[in-house]
Amino acid sequence: MTDPSPPAAVTGEQREAFQNVRRPGPPRRTDKEKVRALLDQIGAKRAAGWSYAEIHQALVETVGFQGTRQTLYNYVWELSSRKRAAGEPRRRRSVRNPLEDASPVGEDRLKGQTLVERLNEPL
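What follows is the structure, given as structure tokens:
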């Protein structure tokens with residue numbers, strides 16, 4: 009196949025059309041790139057108690073996120089895992105001991121009593 013030869017002369021109209029043609033914009037950012045750029049802010053929202061559904065809705069409205077809520081969750085999990093693997097220490101949840109708040113059993117009241125004696129006491 010041969011290349012077509014350029015036009016012999018470019019008219020003023022053609023030159024103006026080439027100058028006014030719409031230039032391609034910056035390359036589109038993928039949803040994953042959007043989440044990567046906002047990962048710290050998303051983490052702050054999660055720490056403040058926002059649900060993934062609320063964060064998803066905010067991203068749809070502000071940056072045009074097109075993925076599902078599950079996709080957002082997967083991206084945040086994956087990117088956060090990579091960040092932790094790169095050296096950031098993993099934050100652990102504090103585990104509450106359910107017995108901390110329990111009232112102490114009155115052991116002195118039950119000393120010396122057998123199970124039979126305790127069960128035979130009047131109500």
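Residue numbering for the sequence shown follows our numbering, starting at 9 and increasing by one per position.
Each residue gets a CB set at the ideal place from its N, CA and C atoms; glycine is no exception.
Note that the structure is a prediction, hence the values are computed from the model and not measured.
Counting only residues of its own chain and dropping the five nearest sequence neighbours on each side, arginine 44 has a CB closer than 6 Å to the CB of Leu87. Contact between histidine 64 and leucine 80 holds, with the beta-carbon distance rounding to 5 Å and staying under 8 Å. If you check the CB distance, tyrosine 83 and lysine 53 do not come in under 7 Å.
In the assembly as shown, leucine 123 is an exposed residue. Its beta-carbon has fewer than 16 other beta-carbons within 10 Å.
Alanine 61 sits away from arginine 36, with the two beta carbons spaced by 7 Å or more. Counting every other CB atom within 10 Å of its CB across the protein chains shown gives leucine 67 a total of 16 or more, marking it as buried. If you check the CB distance, valine 71 and lysine 42 come in under 7 Å. Assignment of glutamate 129 by DSSP, reduced to helix, strand and coil, places it in the coil class.
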